[in-house]
Structures are given as structure tokens and as C-alpha cells.
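J.: Dropping a structure here in C-alpha cells format, bear with me for questions.
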Amino acid sequence: MTPDTSSTPVRAGDLGGALAAFREASPLVHCLTNIVVAQWTANVLLAAGAAPAMVDNTHEAGEFARVPVPGGVLVNLGTPQDHTVAAMRLAVAGANETGRPWVLDPVAAGGLGWRTAVARELLAQRPAILRGNASEIGALAGGAGGRGVDSTDAPEQVLDAARHLARTHGTVVAVSGPLDHLTDGDGLVRIGNGHPWLTRVTGVGCALGALMAGFAGVTDDRLLAAAAATGLLTVAAEDAAAAASGPGSFAVMLLDRLSTLTARELSERVRLS
Amino acid sequence: MTPDTSSTPVRAGDLGGALAAFREASPLVHCLTNIVVAQWTANVLLAAGAAPAMVDNTHEAGEFARVPVPGGVLVNLGTPQDHTVAAMRLAVAGANETGRPWVLDPVAAGGLGWRTAVARELLAQRPAILRGNASEIGALAGGAGGRGVDSTDAPEQVLDAARHLARTHGTVVAVSGPLDHLTDGDGLVRIGNGHPWLTRVTGVGCALGALMAGFAGVTDDRLLAAAAATGLLTVAAEDAAAAASGPGSFAVMLLDRLSTLTARELSERVRLS
Amino acid sequence: MTPDTSSTPVRAGDLGGALAAFREASPLVHCLTNIVVAQWTANVLLAAGAAPAMVDNTHEAGEFARVPVPGGVLVNLGTPQDHTVAAMRLAVAGANETGRPWVLDPVAAGGLGWRTAVARELLAQRPAILRGNASEIGALAGGAGGRGVDSTDAPEQVLDAARHLARTHGTVVAVSGPLDHLTDGDGLVRIGNGHPWLTRVTGVGCALGALMAGFAGVTDDRLLAAAAATGLLTVAAEDAAAAASGPGSFAVMLLDRLSTLTARELSERVRLS
């Protein structure tokens, strides 16, 4: 019953398998994220079956990134401050030292000078996964960047940039958009699920990065980790939208559905290309 | 079908027109706000049709306040810290330099010493709109102030103070309460929509300030901007309350309704006096 | 109709009485808490009938903790930073100086070095109530600690540690878990209400600490304050779960139910042992 996806680098059935492993392990996701989406990110992780922990001070971030349990680290630049950026640097160093996967979400890179420099500096530390919208990815590859957190470009437009970043930095690059594009520089996975209301709730992309960090903690295949997180969130979003009357109830239903979506449903419903 | 409001400085039909312009422009609202309401504020803006961006570090706040796209800046003193207040000063300077409208929300001014001084300092920089409850407005005009974020005074009691502040600072003063009072020092608009549950959800007033910043980005008439934001939120609140069973579901329904309320509905249902 | 609880240090009817007093006084709860749960904590307090105020800067925290109105202070170590910890110290000093009750929630104590030291330092200042999960309480009493914010121990396992901490620090210790254990070092109250979804929503424990601070502001019996807060939250959770389809709608329904649960319902439904 799994659709034929033999031509893609990851198969639909693999996504279901990753979700089963995620639920089994309940990965610890160490988040250094922004003040806007911290609660939402934690609730998305809890609903999906992970264990969130927000540790973003310089005294503990490096220590916590070294905790030897299944999991990953999320570094999100939504509302950076000097003290949280310092903690991010320590967390990245700790994660790299212990081989812990970490995800970089360069929110609004390209649109603002300081965070773009910080994003480039962190990217040079080789995250397992780089997740952003098309404007952010384009900017990190040398483009002009957007006006803020929303994207004015389509993922297709920055695919070459994404592949280039993936190859030069040894990372998986995940470009969110109507059709999500994920690449390790070589292979390409496109995921066609989702709903427009995903753009009317703050922090959905940020939470997606957190889910990717969790999946990267339960599979060594980082392209699969990025794809499984994307599939889980966007398939759940389709059902949540069907049950909702606007962006408020959609966000609530999304949490509910993230907690009930099964590995089998994910495999059957994700639209890979 | 629009009620006769010829005696008020803004007419009901103008509010609908402002909402149409708001939806058309999707104004960028640069928020420097507090850790309690940042997510809620972003979701209210997104639901209503604006584009929120929280940029509150000193490296970027001044730069971002100068971005030349339709929009406005919100400066909210809910949980001020030295580093965010420094960013607020830079954002205000950037906004004033480029003629970008900004809104000051002096949360708990009067009740606490430091923020009251900060609020007075920022007020002297002449925001387009000053929004607060009666205690806060009264305190900034020289009164005693309340015990915290909630108001113990009625807007009617501080109307003279509001008019005085508006005239001396060249700003529109919006005093929230059961009957919202908005004045540019000369004209007065009162809006009679709303629901008691608005006081049982944190950050509704803060989100109202953010909406005002968005409306001020699409109309030069700042009294209209404040009135349109107030009308949008309070009319939507009436419908949300009718569909809800308590403050939790009310907040969810409010986001849903903010996304569907039409310009025509706003014009027809707002109660101006 | 009140169950017989004559053998417990607090009786079911006392919890209802405390809730009536809470609703009557609408205690001011001064929260120094984390960026993940600040909004949720404020909304829980508002729904239950209290007045939240988040004041966590060093300029105002000590001043605000001295405000002479009914209420209490919450000190939560979820996302400590140097500047917020400094504010916590000032708030604790202000509260102790004026006899204002304060609650310590040592999030993730034991799992991370710095905050464990901070938690011990603050605990030595003798909070009215210390609230945590079994791992945190065990760690503060000398145990090893857990991996983060979730607990791997059961309250029963740390009961001796909780009693010891309560006696040596003159505090009530509340250990959250499937069966909540509350002790003043001598008496023990166990509360058997709740629902597993309480562990799938971030910040429920943090909000419980805030409710305890509010109840401690309306009764001098700190064991009763901790019990009333626990009973209110967990009884409401049972009804919320019955009306919900997952952790997202559960959180929404929990806020609704916190606003409607009566003193009588609390007394009749709380399961004390």
C-alpha cells in the first residue's frame, strides 16, 4: 500500500519507520530558540512524542548539548541576543564534539545584517540539517534575502543554491515552501503535503526545525530525518485544516493530530516526488 | 447600511476601508514586545493579515525599523530588560528618522519605577499612537498608577489626561476599557464593542497595540488606525465569545474570527460614539 | 457530601474554601519564570481568577515583590539567564523582607550544574513552597537528578527526601507525579486526580507553581495552598481531557474549565489520601 517512491532518495515507508523510531525513543530535543515560538515548539515536540528542553544560557548550553541520550540540538535565530548567541556557540561546539546532530534555522537571514553573519558563522560549523525558507537559503548562498521571516521566493528558485550549500557544508538543506525541497547536495526529496494555514500560525517552520533535530537523533540518515519531520508536520496539517475554522483552531488541531498520526498513515499519505 | 457616525472624527465606513487596505498591504509589524505575549501577538497579526517580525536586539532593531515597506513598529514595555530597552531606543530612533509610525504600549507604567521612567523617555520621542489602560495613561500624565498590568480606573476617568498627553506629545492616545476611548487631543472616538473575556486572556491589549502599528502603516490618519484596530479586535471578540466556552476557546476562536471578519462586517457592526 | 478526609492534614472542604478565597481576592502573582511557559502561566492564572504580572528585571523585581496586596511570588528556573537570576535574588529578598510567600520551581535541577547551584542557593532562602517533579526534588536533597525537565522517578521514591527538605528548610514540598505528594515535613497529602495529557502540554507544572503562589497569597496554611492549587489543576484536567481530542484541545479546554470549576466541585471531586 505504500506508494512507489523508488526513484526518490528516501521512500515513503522509510518515513513511517522513522516515526516509529521517534515515538519509541522519545528523543531529547535541546532547543536554543526564540521567545516567540518557544512554547509552541515545546508543544509540537511533546505532541509528536519527543522530549523538549530549552537550555539557552552560557553556563549550561554546552554541557547540555553533550548529554548522552538519543536526541538532537536546535539552533534557531528568531530573536537572537548577545547572550543567547553565545550559548548557541557553546551548544554547537558541544554537539560537534560529541557527534550529536544539530539543526540550524537561520530565521530572517539575509534580511538583517547581524544574524546573517551569525548564521554564516554557525553554518561553517556544519549542522546536520539547515532548514529555512527560500529567501533565507538563498541569502546564505549569497543572494539578497527577504524582508523578514516570511519568504518571497519559491523553493524551486533556490534549489541550485541549496545544493551548493549542502555540498560545501556537508549538510542536508531543507527549503520550506508550498512544495518542500530537501537535498543532501546530491539527491532531492520533494514533499507535497501541507496547507496554506501553515503560514498563518507563527513558528510552524521553527517547530519543523525542532522536529528535524529530534528525527536526526533517531536515524543517521539526515535526509530521511528532514523528510520524516516534514512529512509528519504537513500530513498532520492537512487533517488539522479539515477540522478547523481558521488559523487559531488549526494550530490546536495540529497538536492533536501530531499526537495521533501513525507511522502507517504517514507512509501512506506523504506525497514524495 | 453603515450607521450614522457623522458626529465622530472617524466614520464606521472608514474602519472597513482601513481593514481592506490592511489586508491588501499586509503591513510588516516590527515588534519589540514582551516574553509573555510575543507568540500571541504574532498569531493575532498573522490571523488579521499582517506580517509580524520580532526584532529586539541592539544589533538589528534600528536597522529593521528603517526597512522601507508598509508597516509600523510596536514598542511594548511588558517585560523590559536593559538589552531590550536599548533596542527599543534604537528602533524608535530609526522609525522617527524614516517617518515610520510607531506605537508605545507602556505596560504597567505608574506601577513600577524603572519602566515608568523608560515610558516617559520614549513618549517624549512622540509615538504615532500611545495605547494603554486607564491606570497607565493616568500615570504617564502624572497620576498615581495601578498595581500592575490590569487597570483599576475607567477610561472616562482619565480622558482629560489622555487629551493632554495627546496634545503635548502630538500623538493619538488610545485608552482601553469596557468603552475604548481614542483621542488625538481634539476629537474623541469611543468604541463600544468587546467582551469581558478579553480581560481573561493575556496579551489582548498588547496585541491591540501591534494591530494599531499595522494599521498606522496603511493609513496616515492615526486616529483611524487606532480605531480600526480596536474595532477589528473587539468586533471579532464578540463573535469569538459567542462560539466559546471559556477564555481558552475564546482565544482560539478570536484568532479564527480575526482571519474572516470582512471590511463590510467591521463597518456595519462597530459601535462608535 | 464532602468525602471523609479527616485523616489527612487538609480536608477536601478546605480546598473548596481556599478556591473561594482565591476567586474573591484575585491574588497578584508576581512571576519570574521562563520564556517557554510565560504566556501559558499567565493564561492559567487569569482563567483561574488570579492577576498575573511578569516582572523579571533587576530594576523592578525587588520593588514589585514588596507590593502590599494579596498575592505571592513565583521563581521558576526553566530558562535562567544571568540577568533573570539576578532579578530572582532581588525578588526573593523583597518577598522575605515583607513576609510575602514565594514558590520555588527548580526546573531541571540535578540535570544541569548551574541551575542546580542556583536552586540550592534560593532554597536556602526558605520558600513557602518548593514544587518540582521527583527527579528535581531528589536532586536537591542530594540525589543524581534526571536528564532534563521530565521526571524519571516517581514521587513515592523521593518522599523521604521531600520530608527532609521540608523540615530542614521550613518549607512545604510538593512533588508532582501521577499521584501528587505534598508534605510540610510532618503531614502528607496525596492527590490522585489528573490525566496523562498533563505531561504532553509544556508548562503545566510551571503553571501549577504559579497557582500555588496565588493560593499562598490567600491562606496562611501553605500545605493547603499547595493542595488547593494541585486539586484545582488536576480536577479541571480530568474534565478537559474528557472534552478534548489530543494535547492541543486539552490545553484549551483546561483553561476553560479552570474558569468554571466551582469551590464545591473542587471539594467534592478532589481525591485526597
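Protein chains in written order, with numbering that gives the first Met the number 0: chain A, 0 to 272; chain B, 0 to 272; chain C, 0 to 272. We put the CB at the ideal spot given by N, CA and C, even for glycine.
Find the nearest neighbour of C:T198 within the set C:N75, C:P246, C:M53, C:A85, judged by alpha-carbon distance.
T.: C:P246
J.: Mind checking whether A:H82 and C:G112 have CB atoms under 9 angstroms apart?
T.: No, the Cβ-Cβ distance between A:H82 and C:G112 is not below 9 angstroms.
J.: Please state whether the Cβ-Cβ distance between B:G77 and B:T32 is less than 9 angstroms.
T.: Yes, these two residues count as a Cβ contact at 9 angstroms.
J.: Leaving out five residues before and five after C:D238 in sequence, what residues of the same chain have Cβ atoms less than 7 angstroms from its Cβ?
T.: R256.
J.: Check the C-beta distance from A:A209 over to A:V43 and give it rounded, since I have them as a contact under 8 angstroms.
T.: 7 angstroms
J.: Compile a chain-ordered list of the residues in the region 8-21 of chain B whose CB is closer than 7 angstroms to at least one CB of chain A.
T.: none
J.: Which partner residues does C:G71 have in the DSSP bridge list?
T.: C:V28
J.: For B:N132, does the three-state DSSP call read helix, strand or coil?
T.: strand
J.: Strictly under 9 angstroms for the Cβ-Cβ distance: is B:W101 near chain C by that measure?
T.: Not closer than 9 angstroms to any Cβ of chain C, the Cβ of B:W101 fails to qualify, so no.
J.: Check each candidate in B:L121, B:L164, B:A127 and name the one with the smallest Cα separation from B:I136.
T.: B:L164
J.: Are the beta-carbon atoms of C:V274 and C:D219 separated by less than 9 angstroms?
T.: Residue 274 of chain C is absent from the structure shown; chain C starts at 0 and stops at 272.
J.: Would you decide whether B:A123 is buried or exposed? Buried here means 16 or more other CB atoms lie within 10 Å of its CB.
T.: exposed
J.: Is it buried or exposed for A:P195, if we count other Cβ within 10 angstroms and need 16 for buried?
T.: exposed
J.: Measure the alpha-carbon distance for A:A224 versus A:G193 and round it to whole angstroms.
T.: 18 angstroms
J.: Give the residues from the region 26-52 of chain C that approach chain A closer than 9 angstroms (Cβ to any Cβ), ordered along the chain.
T.: Near chain A, meaning a CB-to-CB distance below 9 angstroms, the residues of the region 26-52 of chain C are N33, I34, V35, V36, A37, Q38, W39.
J.: For A:A275 and B:I34, what's the separation of their Cα atoms in angstroms?
T.: For residue 275 of chain A there is no data in the structure shown, the boundaries of chain A being 0 and 272.
J.: Would you mind telling me which residues of chain B sit closer than 8 angstroms to C:H168, beta carbon to beta carbon, in chain order?
T.: Within chain B, no residue comes near C:H168; the closest Cβ sits about 29 angstroms away, beyond 8 angstroms.
J.: Using a Cβ cut-off of 9 angstroms, which residues of the region 178-189 of chain B contact any Cβ in chain A, in chain order?
T.: Close to chain A, meaning a Cβ-Cβ distance shorter than 9 angstroms, is no residue of the region 178-189 of chain B at all.
J.: Identify the contact partners of C:T259 in chain B, using a Cβ-Cβ distance below 9 angstroms as the criterion.
T.: S244, G245
J.: With DSSP run on the structure shown, which of helix, strand or coil describes B:S258?
T.: helix
J.: Using the C-alpha atoms, what's the distance from C:L232 back to C:H344?
T.: Because chain C is modelled from 0 through 272, residue 344 of chain C falls outside the range shown and cannot be assessed.
J.: In terms of DSSP beta bridges, what is C:R189 paired with?
T.: C:H180
J.: For A:A107, which three-state DSSP category applies?
T.: coil
J.: Who are the near neighbours of B:G202 in its chain, counting only those whose CB is closer than 7 angstroms to its CB and skipping five residues on each side?
T.: V35, V36, W39, T40
J.: By alpha-carbon positions, which one of C:G93, C:G12, C:S134 ends up nearest to C:A108?
T.: Sorting C:G93, C:G12, C:S134 by C-alpha distance to the C-alpha of C:A108 places C:S134 at the top.
J.: Alpha carbons only, please: which of A:N95, A:A85, A:A86, A:P79 is nearest the one belonging to A:G71?
T.: A:N95
J.: In the DSSP assignment, find the unbroken beta strand (DSSP E) run with C:V171 in it and report its ends.
T.: 171-175
J.: State whether the region 152-169 of chain C contacts the region 181-189 of chain C, with contact taken as three or more CB pairs (one from each stretch) at a distance under 8 angstroms.
T.: yes
J.: Around the C-beta of C:T167, are 16 or more other C-beta atoms found within 10 angstroms, so that it is buried, or is it exposed?
T.: exposed
J.: Could you work out which residues of chain C lie near B:S248, taking near to mean beta carbons separated by less than 7 angstroms?
T.: V251, D255
J.: Which residues in chain E sit within 7 angstroms of A:T57, going by Cβ to Cβ distance?
T.: Absence of chain E from the displayed structure is noted, the protein chains being A, B and C.
J.: Using DSSP with H/G/I as helix, E/B as strand and the rest coil, what is C:L271?
T.: For C:L271, the three-state secondary structure derived from DSSP is strand.
J.: Given a cut-off of 9 angstroms, decide if B:L207 and B:L18 are closer than it, judged by their beta-carbon atoms.
T.: no
J.: Who are the neighbours of C:E62 on chain B, taking C-beta pairs under 7 angstroms?
T.: L111, G112
J.: Near A:P26, which residues of its chain fall below 6 angstroms by C-beta distance, leaving aside the five closest residues on each side in sequence?
T.: A49, P69, G70, G213, G216, V217
J.: Is there a Cβ from chain A that is less than 9 angstroms from the Cβ of B:V298?
T.: Past the boundaries of the shown model lies residue 298 of chain B; chain B is included only from 0 to 272, so the question cannot be answered.
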